[in-house]
Amino acid sequence: MSQKAEELAVQTAYEEFKRNLTSADVLVNFLAQTEIVKLKAQLENKPIAVMAQQMATQFVFDNASKRHPADRLSVSSVNPEEAQQLLSQFIAFANQQTKQTLNAELIAKWKILFQQVKTAAEIKLGATQQGNQIAAQDWNGKLALMRSVQPLDDKLVAFRFVKAPNVPLSPHSPNQSLWLMIGGLSGLLFGIVLVSFSGLLSRKQGNGETN
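In numbering that gives the first Met the number 0, the protein residues as written are 0 to 210.
Written out as structure tokens, the structure is:
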């Protein structure tokens, strides 16, 4: 895989993660599933959906700037332990959503590319003479490799911490804020190897036409 393709995979994954992290719908959906929100809704006699929307206002995402070189996510709460729990759980939730989206996209691309390689292999193998068994083995090897490729690494993490969570504690400040800074991807898409296969397929087809 070329460095350019790898950088593109990194950027694509992080941008998808960022979309999930800044999506109001994703945040409210996450909060509505947490025990913290369910308990608060019960204590205040409010619908869970209403409480989730209310608590969503405590989350603030700031894009990277000259002052802050990395994207920043903060949660304000009078309970630092609660804020830290919600923050870490939401990041994990957004990462899982990212993985599911990218996985679906990669599987779709993988199916198309696999069929292209399979078709090209069948054409090439059909024209292969007995004295050129190396070419046949080459194509069979490529098909076997594609069958073994996992579209997406199960351990994908679409972010890295630039700065660990920080809790400003002050007895005069009831609105304590927990925040952290996040930056580019730390996991890589194994499925991006398909980019290499695409280039390989094009070269093989070009060679076949000139032979």
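Using N, Cα and C, we set each Cβ at its ideal position, and we do this for glycine too. Note that the coordinates shown come from a computational prediction; the quantities given were computed from them, not determined experimentally.
Within 8 Å, strictly: CB atoms of residue i and residue j
i	j	result
Asn19	Gln96	yes
Phe16	Asn94	yes
Phe89	Leu26	yes
Glu81	Ile35	yes
Ser76	Gln57	yes
Asn62	Asp70	yes
First and last residue of the uninterrupted alpha helix (DSSP H) at residue i
i	result
Val25	23-32
Val77	First-last for Val77: undefined, no H or E at that position.
Ala55	47-55
Spatial neighbours of residue i in its chain, beta-carbon cut-off 8 Å, leaving aside the 5 residues before and after
i	result
Val49	Ala40
Gln129	Residue placement at Gln129 cannot be trusted, given a pLDDT of 49 that sits under 50; what the coordinates show is reported in the next sentence. There are no such residues.
Identity of the residue in the options nearest residue i by Cα
i	options	result
Gln84	Arg71, Gln52, Thr33	Thr33
Thr100	Leu7, Glu14, Glu6	Glu14
Asp24	Val74, Phe92, Lys65	Phe92
Thr21	Thr11, Val59, Ala12, Leu42	Val59
Lys98	Leu7, Lys3, Thr11, Leu38	Thr11
Beta carbon proximity, residue i to chain C, threshold 8 Å
i	result
Glu43	Looking at the structure shown, chain C is missing, and only one protein chain is on hand.
Proximal residues to residue i (C-beta, below 7 Å), its chain only, five neighbours per side dropped
i	result
Leu30	Val36, Ala51, Met54, Ala55
Contacts around residue i, its chain only, beta-carbon distance under 6 Å, and the 5 residues preceding and following it disregarded
i	result
His67	none
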